[in-house]
Amino acid sequence: MENLGNLLSRHGFSFKKQFGQNFISDTNLLKSIVALADVTKDTTVLEIGCGAGTLTRELALCAKKVLSYEIDQKLQPVLAETLAGIENAEIVFRDFMQVDLKALEKELPPYSVVANLPYYITSPLVMKFIEQSEKAEKLVIMVQDDVAKRFCARENTPEYGAITAAIARRGVAETVKKVPRQMFRPVPNVDSAIVKITLIKDRIPVKSADLYRETVRAAFLSRRKTLENNLMNAFSFSREEAGDLLRRAEIPEKARGESLSPEKLALLSDLIFERRSAK
Numbered sequence: 008m009e010n011l012g013n014l015l016s017r018h019g020f021s022f023k024k025q026f027g028q029n030f031i032s033d034t035n036l037l038k039s040i041v042a043l044a045d046v047t048k049d050t051t052v053l054e055i056g057c058g059a060g061t062l063t064r065e066l067a068l069c070a071k072k073v074l075s076y077e078i079d080q081k082l083q084p085v086l087a088e089t090l091a092g093i094e095n096a097e098i099v100f101r102d103f104m105q106v107d108l109k110a111l112e113k114e115l116p117p118y119s120v121v122a123n124l125p126y127y128i129t130s131p132l133v134m135k136f137i138e139q140s141e142k143a144e145k146l147v148i149m150v151q152d153d154v155a156k157r158f159c160a161r162e163n164t165p166e167y168g169a170i171t172a173a174i175a176r177r178g179v180a181e182t183v184k185k186v187p188r189q190m191f192r193p194v195p196n197v198d199s200a201i202v203k204i205t206l207i208k209d210r211i212p213v214k215s216a217d218l219y220r221e222t223v224r225a226a227f228l229s230r231r232k233t234l235e236n237n238l239m240n241a242f243s244f245s246r247e248e249a250g251d252l253l254r255r256a257e258i259p260e261k262a263r264g265e266s267l268s269p270e271k272l273a274l275l276s277d278l279i280f281e282r283r284s285a286k
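Using our numbering, the letters of the sequence shown correspond one by one to residues 8 to 286.
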């Protein structure tokens, strides 16, 4: 295939910072991403941000079907060349954040998300799948290295936060490959990593997913405050009510949110659910 830089140049394409465009051209890295995602002829792949289509092409060579979303319509002629002769890749020129995921999933079999994500939408995009998807089996995504650390963090570490706990309720996140910034065009200011999130049905069961989300948000409301104070502020509990919940969950009185595992946060959210239901 033609050198990526020459291809883009020939079509007069210029990178747009607002779309977070950093493309990959290294064939070995592209093949590595496909392998890490365990893509086979039985796999349906959903890709967000196909860029110049280099990853799309490698995915399509191994997958049953690739459905790819791209926000920048100026890439249409580039993609027509990159994907020439590829019959099992479909490109939709649309902002995926505006897509109704539940409606889309009615048209899809179980699928894998594989993408070199635009960095500016990484967290909201991951949360869209975590909170709404019923058919995604895994996400294998290229993200900034510091974001990868947050996705895969453990409690009692500086990187651990609300998004860590949100992901952990639905699946297991692991960093599977580090990627130096020099592998991208243009070269970004930070290194990257490939994160694999394997989604597991009822990994951490909760009585209310919405209340778990509220509890997590409350726990990290202010990292300097105790969990007890954050619960009082978020749920309008009295100090006595908040203290009683902590005791029942076997959480130390002066604990802070970042000390609680996702499992402990789930237990706390269930206790809050029971308290609300009893009223």
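Backbone N, C-alpha and C fix where the C-beta goes; we use that ideal spot for every residue, glycine too.
Practice task
Would you decide whether I148 is buried or exposed? Buried here means 16 or more other CB atoms lie within 10 Å of its CB.
Solution key: Numbered from its first residue, the sequence shown carries residue 148 at position 141. By the 10 Å Cβ count, I148 comes out buried.
Exercise for the section: State the Cα-Cα distance for the pair L14 and E88, rounded to the nearest angstrom. Expected result: On the sequence shown, position 7 is the one that residue 14 refers to. On the sequence shown, position 81 is the one that residue 88 refers to. In this structure, the CA atom of L14 is about 9 Å from the CA atom of E88.
Practice task
Following the continuous alpha helix (DSSP H) through L234, name the residue where it begins and the one where it ends.
Solution key: Working through the sequence shown from its first residue, we reach residue 234 at position 227. Start and end: L234 to F242.
Problem - Rounded separation between I170 and Y118 - CA only - result: By one-based count along the sequence shown, residue 170 stands at place 163. By one-based count along the sequence shown, residue 118 stands at place 111. One C-alpha to the other measures close to 22 Å.
Practice task
Starting from N13, follow its DSSP beta bridges and name the residues at the other end.
Solution key: By one-based count along the sequence shown, residue 13 stands at place 6. DSSP, once it has assigned bridges, lists no residue as partnering N13.
Practice task
Can you tell me the Cβ-Cβ gap for V41 and E65, rounded? I've got them flagged as a contact below 8 Å.
Solution key: Within the sequence shown, numbered from 1, the residue matching residue 41 stands at position 34. Within the sequence shown, numbered from 1, the residue matching residue 65 stands at position 58. Contact between V41 and E65 holds: their C-beta atoms lie close to 5 Å from each other, under 8 Å.
Practice task
Determine the extent of the alpha helix (DSSP H) in which E281 is found, giving its start and end residues.
Solution key: By 1-based counting over the sequence shown, the position of residue 281 is 274. Residues P269 to A285.
Exercise for the section: Decide yes or no for the touch test of the segment 214 to 230 against the segment 271 to 283: beta carbon pairs closer than 8 Å, at least 3 of them. Expected result: With the cut-off at 8 Å, the segment 214 to 230 and the segment 271 to 283 touch.
Practice task
From the DSSP output, read off the bridge partner residues of A6.
Solution key: This structure leaves residue 6 out entirely; the chain is present only between 8 and 286.
Practice task
Identify whether L132 lies in helix, strand or coil by the three-state DSSP scheme.
Solution key: Start at 1 with the first residue of the sequence shown, and residue 132 comes out as number 125. In the structure shown, the three-state DSSP call for L132 is helix.
Practice task
Have a look at the DSSP bridge pairing and note the partners of V202.
Solution key: Translated into the one-based positions of the sequence shown, residue 202 becomes position 195. Partner(s): I148 and T182.
Problem - CB contact below 8 Å: R246 versus chain D - result: No chain D is present in this structure, which holds just one protein chain.
Practice task
Going by DSSP, name the residue or residues bridged to S32.
Solution key: Counting from one through the sequence shown, the residue named residue 32 turns up at place 25. S32 pairs with nothing; no bridge assigned.
Problem - I174 - DSSP class collapsed to helix/strand/coil - result: As a first step, residue 174 must be located in the sequence shown, where it is residue number 167. In the structure shown, I174 sits in a helix (DSSP, three-state: H, G or I).
Problem - Alpha carbon of G289 to alpha carbon of V85, nearest angstrom - result: A query on residue 289 cannot be resolved here, the shown segment of the chain reaching from 8 to 286 and no further.
Exercise for the section: Would you check if the distance between the CB atom of N95 and the CB atom of A70 is smaller than 8 Å? Expected result: Residue mapping note: residue 95 aligns to position 88 of the sequence shown, counting from 1. Residue mapping note: residue 70 aligns to position 63 of the sequence shown, counting from 1. The answer is yes: Cβ separation under 8 Å.
Handout entry: Residue closest to V120, alpha-carbon to alpha-carbon, out of A110, F103 and I211
Key = Position 113 of the sequence shown holds residue 120. For V120, the closest of A110, F103 and I211 by C-alpha to C-alpha distance is F103.
Problem - Best match in A143, K113, A172 and D153 for proximity to L272 [C-alpha to C-alpha] - result: Your numbering for residue 272 matches position 265 in the sequence shown. For the residues A143, K113, A172 and D153, the minimum Cα distance to L272 belongs to A172.
Exercise for the section: Starting from the C-beta of K261, find all residues in its chain whose C-beta is less than 6 Å away, skip the five residues before and the five after it, and write them out in chain order. Expected result: Indexing the sequence shown from 1 puts residue 261 at position 254. The beta carbon of K261 is closer than 6 Å to those of T233 in its chain, skipping five residues each way along the sequence.
Practice task
Sort M239, D152 and V133 by Cα distance to A143 and report the nearest one.
Solution key: Along the sequence shown, one-based indexing puts residue 143 at 136. The option with the nearest alpha carbon to A143 is V133.
Problem - Spatial neighbours of G60 in its chain, beta-carbon cut-off 6 Å, leaving aside the 5 residues before and after - result: As a working mapping, residue 60 is identified with position 53 in the sequence shown. Cβ contact annotation for G60 (same chain, cutoff 6 Å, sequence separation greater than five): L86, T89 and L90, in chain order.
Exercise for the section: Counting only the same chain and skipping the five closest in sequence on each side, list residues whose C-beta sits under 8 Å from that of V186. Expected result: Within the sequence shown, residue 186 is the residue found at index 179, counting from 1. Closer than 8 Å at the Cβ level, and outside the excluded window around V186, lie L36, M149, D198, S199, A200 and I201.
Exercise for the section: Can you tell me which of K72, K109, K113 and D107 puts its alpha carbon nearest to the alpha carbon of I98? Expected result: Numbered from its first residue, the sequence shown carries residue 98 at position 91. It is K72 whose Cα lies nearest to the Cα of I98.
Exercise for the section: Give me the Cα-Cα distance between S75 and I55, rounded to the nearest whole angstrom. Expected result: Working through the sequence shown from its first residue, we reach residue 75 at position 68. Working through the sequence shown from its first residue, we reach residue 55 at position 48. Going from the Cα of S75 to the Cα of I55 covers about 6 Å.
Practice task
State buried or exposed for T47, treating a residue as buried only when at least 16 other CB atoms are found within 10 Å of its CB.
Solution key: Residue numbering aside, residue 47 sits at position 40 when the sequence shown is read from its first letter. Exposed, because fewer than 16 other Cβ atoms sit within 10 Å of the Cβ of T47.
Practice task
Please list the segments of the alpha helix (DSSP H) lying wholly inside the segment 42 to 123, counting only runs of 4 or more residues, in order along the chain.
Solution key: Uninterrupted alpha helix (DSSP H) stretches at least 4 residues long and entirely within the segment 42 to 123 occur at 61 to 69, 83 to 89 and 108 to 112, given in chain order.
Problem - Segment limits, alpha helix (DSSP H) that includes T164 - result: Within the sequence shown, the letter at position 157 stands for residue 164. In the DSSP assignment, T164 falls outside any alpha helix (DSSP H), carrying neither H nor E.
Exercise for the section: Round the Cβ separation of I207 and I174 to the nearest angstrom and send it over; I've been treating them as touching at under 8 Å. Expected result: The residue given as residue 207 occupies position 200 in the sequence shown. The residue given as residue 174 occupies position 167 in the sequence shown. I207 to I174, Cβ: 11 Å. No contact.
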